[in-house]
Amino acid sequence: MPELAGIIFFWGIVADRVILFLDYQNVYKGARSCFHPGVAASHTYGQVHPIRLGRALVENSPYQRELVEVRVYRGRPAANRDPKGYGACMRQLRSWATDSRVEPITRSLRYPRGWPDRCQPGDKPQEKGIDVALAIDFVRLAMEGRYDVGILMSTDTDLKPALEIVDSMRGTGGPRPEVAAWSGDRTHTRRLAISGANIWCHWLDADVYKQVRDLTNYAVKS
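Everything in the sequence shown is counted per UniProt numbering, starting at 1 for the first residue and increasing by one.
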């Protein structure tokens, strides 16, 4: 752990360093189910801007905090198998790169045999290794003392062990793990929780979603 944690402002207040860890496709699908249920919504509905989301989480906290990084984990289409999807993904990544605090971590999508024309009905490309990469980084960066507060936004229960490890570090001066989840008027996404620990959850409602959503159509070349 570093000798001095946090960021010291000129007026002497130490702000906790916050890193937001986003399971992007999970966050995207959760937003669509909460705020656009039962409609043939545009594919842009559910998209969020990583920095806007990170800022909302920090600014709505009663504590002195500073957003230092947003790590976005997502699948990457193959250029030779899905050139349109690949192009849209690259345009989105370039948009995120305008803020140096955004760190995209991508993994190639896994395609069904015969995709797209000769695969089984309903078969779609799937993310591979995203949850593993996120879990490793959540623990590794905690052990390296890179953050004072790590906010994990996902409903993937495979990430619970990583949450448990970071929470167990608190007794020896480790960082504080927190989670975030969507909360609609009639429904909300599941939140990650672990037995025997009181992990704080940032419930993000429709007003927050409107602030952080990204309506850019990345499928269209600019």
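Beta carbons are placed, not taken as given, at the ideal position from N, Cα and C, and that holds for glycine.
For my contact list, residue 91 and residue 222 are in at a C-beta cut-off of 8 Å; report their separation, rounded to the angstrom. The sequence position of residue 91 within the sequence shown is 91, counting from 1. The sequence position of residue 222 within the sequence shown is 222, counting from 1. In this structure, residue 91 and residue 222 form a Cβ contact; the two beta carbons are roughly 7 Å apart against a cut-off of 8 Å.
In chain order, which continuous runs of the beta strand (DSSP E) of length 3 or greater are located wholly inside the UniProt domain "NYN" (17-170)? With a minimum length of 3 residues, the unbroken runs of beta strand (DSSP E) contained wholly in the UniProt domain "NYN" (17-170) fall at 65-76, 102-108 and 149-153.
Option nearest residue 170 by Cα separation, candidates 20, 207, 197 and 51: As a first step, residue 170 must be located in the sequence shown, where it is residue number 170. Closest by alpha carbon: 197.
Note the first and the last residue of the continuous beta strand (DSSP E) segment covering residue 179. Taking the sequence shown and counting its residues from 1, one reaches residue 179 at position 179. Per DSSP, residue 179 belongs to the beta strand (DSSP E) from 176-182.
Locate the alpha helix (DSSP H) running through residue 208, then write down its first and last residues. The residue given as residue 208 occupies position 208 in the sequence shown. Start and end: 206-212.
Less than 8 Å between the CB atoms is what I'm expecting for residue 98 and residue 76, so what's the real figure, rounded? Numbered from its first residue, the sequence shown carries residue 98 at position 98. Numbered from its first residue, the sequence shown carries residue 76 at position 76. The C-beta distance from residue 98 to residue 76 rounds to 19 Å, too long to meet the 8 Å contact threshold.
Pair every Cβ in the region 61-68 with every Cβ in the region 188-196, then say whether three or more of these pairs are closer than 8 Å. Taking 8 Å as the limit for Cβ pairs, the verdict is that the region 188-196 does not touch the region 61-68.
Should the region 12-30 be regarded as contacting the region 138-158, the criterion being three or more beta carbon pairs within less than 8 Å? Yes, the region 12-30 touches the region 138-158.
Do residue 56 and residue 212 have their C-beta atoms within less than 8 Å of each other? Counted from its first residue, the sequence shown places residue 56 at position 56. Counted from its first residue, the sequence shown places residue 212 at position 212. Contact flag set, yes.
Flag this pair as yes or no: are the beta carbons of residue 182 and residue 163 separated by less than 8 Å? Locating residue 182 in the sequence shown gives position 182, where the first residue counts as 1. Locating residue 163 in the sequence shown gives position 163, where the first residue counts as 1. Their beta carbons are not under 8 Å apart, which means residue 182 does not touch residue 163 by this criterion.
Exposure label - residue 158; buried when at least 16 CB within 10 Å: Here the question's residue 158 lines up with position 158 in the sequence shown. The residue is exposed, with fewer than 16 neighbouring Cβ atoms inside 10 Å.
Express the C-alpha separation of residue 27 and residue 121 in angstroms, rounding to a whole number. Locating residue 121 in the sequence shown gives position 121, where the first residue counts as 1. Locating residue 27 in the sequence shown gives position 27, where the first residue counts as 1. C-alpha separation (whole angstroms): 26 Å.
Taking residue 206 as the reference, which of 195, 110, 199 and 31 has the closest Cα? For this step, residue 206 is matched to residue 206 along the sequence shown. For the options 195, 110, 199 and 31, the alpha carbon positioned closest to that of residue 206 is the one of 31.
Compute the Euclidean distance between the alpha carbons of residue 133 and residue 73, then round it to the nearest angstrom. Walking along the sequence shown from the start, residue 133 turns up at place 133. Walking along the sequence shown from the start, residue 73 turns up at place 73. Roughly 8 Å separates the two Cα atoms.
Is the beta carbon of residue 51 sitting closer than 8 Å to the one on residue 101? In the sequence shown, the residue the question calls residue 51 occupies position 51. In the sequence shown, the residue the question calls residue 101 occupies position 101. Yes; because the gap between Cβ atoms is below 8 Å, this pair is in contact.
For residue 59, count the other beta carbons within 10 Å of its own beta carbon; 16 or more makes it buried, fewer makes it exposed. Which is it? Position 59 of the sequence shown holds residue 59. The residue is exposed, with fewer than 16 neighbouring Cβ atoms inside 10 Å.
Looking at the strands, I want to know which residues DSSP matches up with residue 203. By one-based count along the sequence shown, residue 203 stands at place 203. According to DSSP, residue pairing for residue 203 in a beta bridge involves 181.
Could you tell me which of 83, 79, 33 and 141 sits nearest to residue 68, measuring between CA atoms? Start at 1 with the first residue of the sequence shown, and residue 68 comes out as number 68. Of 83, 79, 33 and 141, the residue nearest in Cα terms is 141.
Pick out whichever of 82, 33 and 46 has its Cα sitting closest to the Cα of residue 111. On the sequence shown, position 111 is the one that residue 111 refers to. Closest by alpha carbon: 82.
Going by other Cβ atoms of all chains shown within 10 Å of its Cβ, with 16 needed for buried, is residue 144 buried or exposed? Position 144 of the sequence shown, counted from the start, is the residue given in the question as residue 144. So residue 144 counts as exposed.
Alpha carbon to alpha carbon, how far is residue 209 from residue 34? Residue 209 sits at position 209 when you count from the first residue of the sequence shown. Residue 34 sits at position 34 when you count from the first residue of the sequence shown. So the alpha carbons of these two residues sit roughly 10 Å apart.
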